[in-house]
Each structure stands twice: as structure tokens, then as C-alpha cells.
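Protein chains in written order, with our numbering: chain A, 1449 to 2074; chain B, 5 to 254.
All C-beta atoms in this analysis are idealised placements derived from N, C-alpha and C, irrespective of residue type, glycine included.
Shown next, in C-alpha cells, is the structure this report addresses.
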Ligand SMILES: [Zn+2]
Ligand SMILES: [Zn+2]
């Protein structure tokens, strides 16, 4: 019988059907009604090739709760779903698949490789879409976007060109975090640290003895540095001296720099500007020459004599042997070292000097009255003045501190999959310009018409930084963009406050002169029963889809929301989810009991105040409606 | 509840909002209203109205189960598209709500007295209530009180004489008398009590002799002695209570 309510609630039996009913009804798609303020959330786009994990699940649960509530309140509630192309992550995955077929991207070539990636993405996008549905997410699928779709590509190019023409984007030689395996730069926050026992070599260095962990970089040394107040070396400062080396003598300058720690080793350090961040900065301050000796594959360069072509590890071994022969090695110690590694593949980072594209965060460009503000200042201001609220508020300070200390943002990546940098170079002279498509006109300098595009792609956060407005059709003057932007709430984990949230604020305030969202809601990280961070390697992860299968989506949602507060980490374990399944059963049973006590005729009663009779009636209604 | 839930939402306290809704369903709707509805007080219109209201409130949190239940109530419209419940000052019955809370307190107190005396759930006991000004209120809920407090008979009077050999519960001006003989199997209870008295007396005796032992008094730390003394007076007190109780049973 259709009207008989079953004894037990079987989530699995109903959930997909109910979701389909909602989606088919069109209720996820709000109407534009200019008489009222909309409620809008841009869904943080999961990686197009990813699978749903608990981090996504908590994000979807919280956002869906907010959207459903505001929809029921009669607001135009829009939740824009989408996926992120996640350049490096996706490219790596496809490369791994190709390797199984004995292929690599260089054999295929750029175009064919990108076709492979496209196929792969299209396939796996369906997986993540269905997983988002499984969570009950009432997002507007008719407005789904992808960070690499046509519209977003147009938006990305538009913003790049504006910034380029404003002189905010520049190309420069900079030391960058380089992964020799991925052959790409990494942003500071894409670098991870691993504590290791490493060797510290005490070597004779001309008249000095100094300690270094990387003897192979001696080939690129152009200076030694001491602390200005270190009396031991006072007489050497400013002198140029010749140092005996494995490839013969070479010249270094002795410089005095505050950055040197007089307590480390002997208080004097060798300076390799091309392969160390600290040394690069010393070199900048003292105008020292920069000599590169390690190439982008992590191999010693042509200028390294007999060591040329060796990997840095091989070179270290060989050079130590040769130095021992020359009597240059004083002693070898072990010490604890924080090695920086690539967050994607775990390969040790090789700091390299290379030509990269940067966004200048310190150039005054945003006009306000007679003044001009830098994009950094503007991004600090909107939070400080409360135009953007951060929940919980403790993150406001952390945000401001981070933003105030922001350096120029390196936006180029040496990978193929992503938004290609829209800069065109004249093949015949040094002219360059920014344009969405290949220029049809001749070079303004040399009158030739041979253009070639920059081979690099943009940091994936450049496109996701435009997410709130690019997804609404900007730069076209769409009705969606006009009505739904700025959005209401940006809900995400606090771990990507800087990665992403901060960048959205920068990109949006610069491009539109308005905020991307009114409130940032940050949820905590998910930990296991004992409070450990969940990870694949620790084997303590919980698969939300498996939990949905077992206990139903509602139970999973509750376990992620009840008992947790914004900004604080939460513990999730199977018994907890099972507990919330009982909670769902209780709700079912109470409704079932109520339904068994009424007739079909009763259900047709149109409730009015007149129906309230007994003291008990009045009491229950008061407790509900107050 | 609605006002508080809305406030929680405004402040992004989703956990608090969810918990409040659940508490309402559980401790108000299920524990009381549905129970009351089992008797002659059943009012399907209100029962359904409140059910629908809380399904709407629950929906953002548990969209699937709430929508599924909704299907049994409404054939045409889906819950997802319903309007969020709003505060309604027309429906705030402060006076009646207080009356209902009084009845809850009364029932709860009788129930806990029953469990204190370990009265089997199947056993009905009797009660006489002197209700004073609340007589009208209690009269209109006589059936509810009788059923939910598991009473065999219930008399409600404005006032009356003290009833001996009864337990008395006082809630404001209301006095509830529960004759002890209803709650207790006298013979069994006398047996139990005298056993307990014997045990207590034996224990007190040994405690006393310990405290009279000079060796103990000399050697034990002060705090230990103090503690033992305290214990003795506690035990003597209990014994006195037990004896009084024994007397009342005879
Ligand atoms: Zn790597
Ligand atoms: Zn040219």
C-alpha cells in the first residue's frame, strides 16, 4: 500500500529517487527576481579527476544546509557547481597512465597530449558529479562550470591582459621552487617539508673553513658571506679572493650581510645565488653575479666540466672524492634538516633561477580619489573594514598578517595542461604583446608577422581566483552576473584560506572593484577518532561514499555538522556515523507513529488556529513557533 | 524554537540549530505530545501541523528522510520547495504553556517516586491531589495525568485534610498524596527493611569499637579519624530513617 509508511527507513532504497525528483522538478534553478536580494554560494570546485573525500563531504553538507534554508525562506538561492582542471595534479595522473602504455608527453607532443587529458577529464568529471549528487547537494546543474571551459578561458585571458596592460604582470628572472621531476615551478605553499638526517660537510675554503650541506653547489659560488658584526672576519669584508676548487681556482667576494647566522658552523657561509633562496637574496642586495650550474632536469650544466650531465646526488659523491684528494674536507657531521619536497610527487625541490611571469602586488594601480592602491592593500582593506566577514573571526588577523607580507606572485607553470599564457613574442625581434588569439597584424617594431605564444601555462589558482564571477558569465554583461554577484558565502576549509580565498579577494577587487563574497565560512579539518589527520598514507581515511552506502547520506551529513563549530577540526569515525543513523531512525519512527495515529481524512485538514484546543495543543505549538 | 534556530543560522551555528530542532522533536513532540495524543486528547490537526513544521526545519539537515516522510503527507508538493516556518506571535500561548509544564512536572515527580519505591510498571497506584486554583487545569487533564503517571485512581480536589501514611509531593500550591500501601508490598518491604537495619547496626557497632580503640586514635592520622567519625554519624542517620520507615509500615 502506497500510503502505509514502512517500519524501517532504508536510505539506500529512496535517496537516488528523491534526488532525481528534486533535480527533474527544476527546483535547484532559482529565478532572477530583482525585487529581492539573492543568496549565492559558489561551490569550491573539486578536482575534475578527483574522487569525493570527507573534506568535500563536509563542504557540500554545510553549503547544502545553507542553500536549502535560504531557498525555503523564499530567496533566490543559487549554488553554482563546477570542477577544477587542477593543472599539475591532472597532468601527472595522465602521465602516469601514459607511462603504463610506454608513452610520455614528449613522444606524443603538446596537442595530442592535451587531447588525452581532455578525454580523461571528461570521463572522470562524471564520477565527481555523481558523487556530489550522492551527498544530496541541491546545486544548479544547469549552471555548472569548469575552470577550463570556454567562458572561463575567456575570463582568464581578459583578466591577464588587463593586468598585463596595467603593468601588474611582468616577466623576470627569479629564484623559484623547482620540481625536477614535474619540471615545473611550485608556489611556496605547494612545497612540503620532510625532516631528514643529512650530512653537514666542513670544508676548507681558501683561507676559511665553512660548513655546507651541498658541496656540489660550490661550482656556482660567487661569494662568501659573514655577519657584519662578526669580528673574526672583519678584515676580509669587501675583498675579492681566489679559492682553490676541483675545477681550478675561482674568485669570490666577501660580503657582510645581516642574514648570516654567526652561530651556524664557523659563521661564514658560501653563497650560491642561483640555487638557494637565501643566497639569491644576498646576491640581490650586494649585486653579486648569479651563476647557474643545475638545469631544469636536476642535472649539472655544461659549465661544470667533468661533472656536466651528472645528477646533483652523483655530482656530490664525485666532488667529495675529488675534494678529499685535495685535502679540502675537514670533517663530516650528521644533522637534522628540513628538506623541501614537491607536494605532488615528493621529489626534493631544486631552487633554480628561471624566467617566470609574476604579478606585482606592490604596484599602486587601483584608483581611489587622488590615491592609488596596490592590489595587496585593497585585499587587506576589504577585510579590515568588514566588507568581508570571516567566520570564525580569529582568522581575520591571520589573513591580514599573511596578506601584508605577500610577495610577488609567480603565476607561470612549465606544464602543458592549463590556461596557456596569452603572451605572443615576435620571432624576429624582442617585441611582445598580450592577446587572446594570435595577432593578425604585423609587429609594430620590425613589421614582421611571425608570432609565437609563450609555452607556459598559468598557476591553477589564477583561474580559480576568478571563480565567483567567471562562473556567472563575466566578462559578458550577463543577467546572472548582474544579479548574483557578489556572492553571499564562501564556504571552504581553513587550509586553503591563502591558497584560494585570499587570491579570490585579490583578483575580484582588482578586476571588478567589488568583493567576491560577503562572508567567508571556514570549516575545520577532519581527523580520525584519536585526533590524527586523515591521510591515504596513514590508512586512517574514511570513504564518504562507502559510509553513504552503509548508513545513508543523512547520517553522514549529520556526523559532519552536528558537534562541530567553524574553524575547529572535527573527529569522524564509523561509530559516530552509525550513531547518527539511529538518530535518523528515531525521526522516522516518531513520524511513523504520528502517521499511524491519523487517518487519510485527517491529512486533508487545512490547519487553522481554530484547531488548537487543549492545553497540550497550545503548549506544543508555542514551543514550536516561538 | 524557530526564533533561536533562525538566530543560529544567522551566526553560522549550524550544529546548535540542528540540535535544537532535534531536541524539540524528541523531548517535546515524542516524549510528551505524542504520548498525550494516545488518549482522548488526540487532535490530528495539531499533530500533523507540528509534524510538518519540524519536517521543514529538519529538511536542510536531513533532506532525504524528511522528504520521504513528507511524501506520506503531501501528494502534490515537495518539501524542498516549502516555506521555512516563521515565528508567529498569534500562536504564543504563554499561560497555557505554563500550565502544561506544571502537568509535566507533576507526572515526572510521580514517576520518579514510583521508581524510588521500585514500583513495577504494571502496578497502578492511587493519588489524591489538592489542586487549589489549578483544579480546573488539572481536571481538564485528568486522563493524561492518570495514564502517564500510571495511576489507578485519581481524585482532584480543591483542598482537604492531610492524609496519613502517604507520600506527599508538593509543587507550588498543589499537594499530591500517594498512599504508601499502594506502592509497597508491606510484608516484603518489612522483611527487606529489617534485614537492612540488622546490617546497619552491625556495621555501626564495629565502627564504634574502632573509634573507641586507643591504639587507632593514637596512631591514625587526624583526617582519617575525622572521616570515620563523619561516616559514623551518617550511618546513624540512615539507621534512624530506616527505623522510622519500618515504623510507618507497621
Ligand atoms: Zn614534482
Ligand atoms: Zn618584431
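So who's on the other strand from residue i, going by DSSP bridges?
i	result
residue 1880 (chain A)	A:1873
residue 1700 (chain A)	A:1689
residue 2119 (chain A)	Since the first and last residues shown for chain A are 1449 and 2074, residue 2119 (chain A) lies out of range.
residue 1901 (chain A)	A:1872
residue 1971 (chain A)	A:1941
residue 1532 (chain A)	A:1495
residue 183 (chain B)	B:170
residue 1673 (chain A)	A:1703 and A:1717
residue 1490 (chain A)	A:1528
Name the residue from the options whose alpha carbon lies nearest to the alpha carbon of residue i.
i	options	result
residue 1780 (chain A)	A:1901, A:1648, A:1809 and A:1810	A:1648
residue 1591 (chain A)	A:1453, A:1918, A:2038 and A:1603	A:1918
residue 1731 (chain A)	A:1673, A:1907, A:1748 and A:1709	A:1673
residue 141 (chain B)	B:125, B:155, B:128 and B:160	B:160
residue 1706 (chain A)	A:1678, A:1617, A:1526 and A:1636	A:1678
residue 1855 (chain A)	A:1946, A:1797 and A:1887	A:1946
residue 175 (chain B)	B:103, B:65 and B:148	B:103
residue 1621 (chain A)	A:1468, A:1485, A:1502 and A:1806	A:1806
residue 1849 (chain A)	A:1827, A:1859 and A:1804	A:1827
residue 2069 (chain A)	B:88, B:184 and B:37	B:37
residue 1955 (chain A)	A:1699, A:1822 and A:1992	A:1822
residue 2054 (chain A)	B:201, B:129, B:48 and B:30	B:48
residue 1502 (chain A)	A:1461, A:1735 and A:1579	A:1579
residue 1926 (chain A)	A:1460, A:1627 and A:1480	A:1480
residue 1482 (chain A)	A:1767, A:1993, A:1523 and A:1474	A:1523
residue 1861 (chain A)	A:1537, A:1796 and A:2049	A:1537
residue 1950 (chain A)	A:1825, A:1786 and A:1640	A:1825
residue 1794 (chain A)	A:2064, A:1470, A:1638 and A:1820	A:1638
Taking 8 Å as the threshold (beta carbon to beta carbon), is residue i in contact with chain B?
i	result
residue 2063 (chain A)	yes
residue 2043 (chain A)	yes
residue 1630 (chain A)	no
residue 1811 (chain A)	no
residue 1594 (chain A)	no
residue 1449 (chain A)	Per-residue confidence for residue 1449 (chain A) stands at a pLDDT of 39, beneath the threshold of 50, marking its modelled position as unreliable; no derived number is given.
residue 1578 (chain A)	no
residue 2055 (chain A)	yes
residue 1516 (chain A)	yes
residue 1582 (chain A)	no
residue 1505 (chain A)	no
residue 1556 (chain A)	no
residue 1651 (chain A)	no
residue 2071 (chain A)	yes
Between residue i and chain A, is any beta-carbon pair separated by less than 8 Å?
i	result
residue 154 (chain B)	no
residue 141 (chain B)	yes
residue 16 (chain B)	yes
residue 135 (chain B)	no
residue 47 (chain B)	yes
residue 113 (chain B)	no
residue 24 (chain B)	no
residue 175 (chain B)	no
residue 158 (chain B)	no
residue 126 (chain B)	no
residue 282 (chain B)	Since the first and last residues shown for chain B are 5 and 254, residue 282 (chain B) lies out of range.
residue 57 (chain B)	yes
Would you say the beta carbon of residue i is closer than 7 Å to some non-hydrogen atom of ligand 3?
i	result
residue 1888 (chain A)	Looking at this structure, you won't find ligand 3 anywhere; what it does contain is ligand 1 and ligand 2.
The stretch 1528-1540 of chain A in contact with the stretch 1865-1876 of chain A per 3-pair CB rule at 8 Å: Short answer: they touch.
Sequence ranges, beta strand (DSSP E) only - wholly within the stretch 1612-1636 of chain A, length at least 3: Taking only runs of at least 3 residues, the beta strand (DSSP E) segments lying wholly in the stretch 1612-1636 of chain A are 1617-1627 and 1632-1634.
The stretch 1921-1938 of chain A in contact with the stretch 1946-1964 of chain A per 3-pair CB rule at 8 Å: Judged by Cβ distances under 8 Å, the stretch 1921-1938 of chain A makes contact with the stretch 1946-1964 of chain A, as three or more pairs qualify.
The stretch 1896-1908 of chain A contacting the stretch 1453-1465 of chain A, beta-carbon criterion three pairs below 8 Å: Under the three-pair Cβ rule at 8 Å, the stretch 1896-1908 of chain A does not count as touching the stretch 1453-1465 of chain A.
Inter-stretch contact at 8 Å, needing at least 3 Cβ pairs: the stretch 232-239 of chain B / the stretch 210-223 of chain B: Output reads yes: the stretch 210-223 of chain B touches the stretch 232-239 of chain B.
The stretch 2029-2047 of chain A in contact with the stretch 49-65 of chain B per 3-pair CB rule at 8 Å: Output reads yes: the stretch 49-65 of chain B touches the stretch 2029-2047 of chain A.
At least 3 beta-carbon pairs within less than 8 Å: the stretch 1736-1753 of chain A vs the stretch 1622-1629 of chain A: The answer is yes - the stretch 1622-1629 of chain A touches the stretch 1736-1753 of chain A, with three or more Cβ pairs under 8 Å.
Contiguous beta strand (DSSP E) assignments of at least 3 residues, all confined to the stretch 113-170 of chain B: Taking only runs of at least 3 residues, the beta strand (DSSP E) segments lying wholly in the stretch 113-170 of chain B are 129-134 and 155-161.
Cβ pair count under 8 Å reaching 3, the stretch 1708-1717 of chain A against the stretch 1675-1692 of chain A: As far as the Cβ criterion goes, the stretch 1708-1717 of chain A touches the stretch 1675-1692 of chain A, which means the pair count is three or higher.
Inside the stretch 1762-1838 of chain A only - alpha helix (DSSP H) runs reaching at least 4 residues: For the stretch 1762-1838 of chain A, whole alpha helix (DSSP H) runs of length 4 or above, ordered along the chain, are 1823-1832.
Complete runs of the alpha helix (DSSP H) confined to the stretch 1990-2034 of chain A [at least 4 residues]: List check, alpha helix (DSSP H) in window: 1992-1999 and 2001-2009.
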